[in-house]
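K.L.:
Got a structure for you, written out below as structure tokens; questions coming shortly.
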Amino acid sequence: MKPISVLSLQGLVPFYVNATAGTTVYGAFDPLNAIADICHRHTLWMHVDAAWGGGLLMSDRHRKKLQGIERAWSVTWNPHKMMGVPLQCSAILIKKRCNELGAKYLFQTDKPYDVSYDTGDKSIQCGRHIDVFKFWLMWKAKGSEGFGSQVNKCLENAEYLYDQLQRRTDFELVFKNKPEHSNVCFWYIPPSLRGPTFTILQPLAVKESNGSVLIGYQPLGARVNFFRCVFSNPATQQEDIDFLLDEIARLGDDL
63 MKPISVLSLQ GLVPFYVNAT AGTTVYGAFD PLNAIADICH RHTLWMHVDA
113 AWGGGLLMSD RHRKKLQGIE RAWSVTWNPH KMMGVPLQCS AILIKKRCNE
163 LGAKYLFQTD KPYDVSYDTG DKSIQCGRHI DVFKFWLMWK AKGSEGFGSQ
213 VNKCLENAEY LYDQLQRRTD FELVFKNKPE HSNVCFWYIP PSLRGPTFTI
263 LQPLAVKESN GSVLIGYQPL GARVNFFRCV FSNPATQQED IDFLLDEIAR
313 LGDDL
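Structure representation (structure tokens):
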């Protein structure tokens, strides 16, 4: 990636920087304050994709991972992910009013009634369902503390899985650092495959056909397919995590 100063000398005009708070695979967080400093220095619009990581704002324990998000000009957040709101519930938060284009062919003002009661232009989705209403109802029921406890439990489960994987010799973590979010990525290493070319596709297929567990997997970069366990349901218990690891080991023992 070329430095912003080089792009400017080439006659290009950078205007937008996208930072990520909670990546899809690893659950990693960009350094938002450092990025915000650069954006401020060069007058760039800073957007934060917090679709997955935005829920951590509800947690007093983990909110610090999003330090600097308040400096962004816009933020996207999907409460249907970490918060457990029924699909679909997505939001875009914008610091200042902007892009207020009026659809005059839809919302005429010369109607024979008080147009202030016309709610069609109160949502960017127009006549579609108001996604945020589901979130509002859950927030009223759970409260901020309830959502915070929910987030904390999911990340506690991720930390428990991480600790168990470190203790076992039949699994290997994709990266050694403690997960920042509730994503935990790892390989299972069958007894016959201790080299770098092992694969997890066969045990995954067996688990799916048996109906015991279903866990996602994917490669990333030069890394071969690995399991990606993501916790978003606070009802998951440590016994469930133990069962997952034991089941993978049982099914892969004869590979």
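The opening position of the sequence shown corresponds to residue 63 in our numbering, with each subsequent residue numbered one higher. All C-beta atoms in this analysis are idealised placements derived from N, C-alpha and C, irrespective of residue type, glycine included. Since this is a predicted model, take the numbers as computed values, not measurements.
Which one of A297, Q72, G314 and E132 has the shortest CA to CA distance from D232?
P.N.:
Looking at the Cα atoms, G314 is the closest of the given residues.
K.L.:
Report yes or no: do the stretch 64-81 and the stretch 100-117 share at least 3 C-beta pairs separated by less than 8 Å?
P.N.:
Yes, they touch.
K.L.:
Specify the secondary structure class of I156 as computed by DSSP and reduced to three states.
P.N.:
I156: strand per DSSP, three-state reduction.
K.L.:
Count the C-beta pairs between the stretch 218-237 and the stretch 188-207 that are closer than 8 Å, then say yes if the count reaches three, no if not.
P.N.:
Touching, no, given that fewer than three Cβ pairs across the two stretches are closer than 8 Å.
K.L.:
Tell me where the alpha helix (DSSP H) around Y222 begins and ends.
P.N.:
Y222 -> alpha helix (DSSP H) spans D193 to R229.
K.L.:
Need the endpoints of the alpha helix (DSSP H) that C101 sits in, please.
P.N.:
Per DSSP, C101 belongs to the alpha helix (DSSP H) from L94 to H104.
K.L.:
Can you give me the C-alpha to C-alpha distance between Y250 and P296, rounded to a whole angstrom?
P.N.:
Spanning the two alpha carbons is a distance of roughly 25 Å.
K.L.:
Using a 10 Å radius around the Cβ and a threshold of 16 neighbouring Cβ atoms, would you call A134 buried or exposed?
P.N.:
By the 10 Å Cβ count, A134 comes out buried.
K.L.:
If contacts are defined as beta-carbon pairs under 8 Å, then L71 and A81 qualify, I think. What distance do you get, rounded to the angstrom?
P.N.:
So it is not a contact: roughly 24 Å between Cβ atoms.
K.L.:
Comparing C-alpha positions only, which one of E207, G89 and P281 sits nearest to S294?
P.N.:
Among E207, G89 and P281, the Cα nearest to that of S294 is on G89.
K.L.:
Determine the direct distance from the alpha carbon of V246 to that of C291, and round the result to whole angstroms.
P.N.:
The alpha-carbon atoms of C291 and V246 are separated by roughly 5 Å.
K.L.:
Taking DSSP as the reference, what is the three-state secondary structure of L118?
P.N.:
Helix at L118.
K.L.:
Nearest to G283 by CA position, among H109, Y167, S67 and V236, is which residue?
P.N.:
Ranking H109, Y167, S67 and V236 by Cα distance to G283 puts V236 first.
K.L.:
Any heavy atom of the ligand FMN inside 6 Å of the beta-carbon of V137?
P.N.:
Looking for the ligand FMN in the displayed structure turns up nothing, as the structure carries no ligands at all.
K.L.:
If we ignore side chains and look at the alpha-carbon of each, how far apart do R229 and P252 end up?
P.N.:
For R229 and P252, the distance between alpha carbons rounds to 16 Å.
K.L.:
Quick one: give me the first and last residue of the beta strand (DSSP E) that F233 is part of.
P.N.:
F233 -> beta strand (DSSP E) spans F233 to L235.
K.L.:
Per DSSP, which residues does G278 bridge with? Please list them.
P.N.:
Answer is R290.
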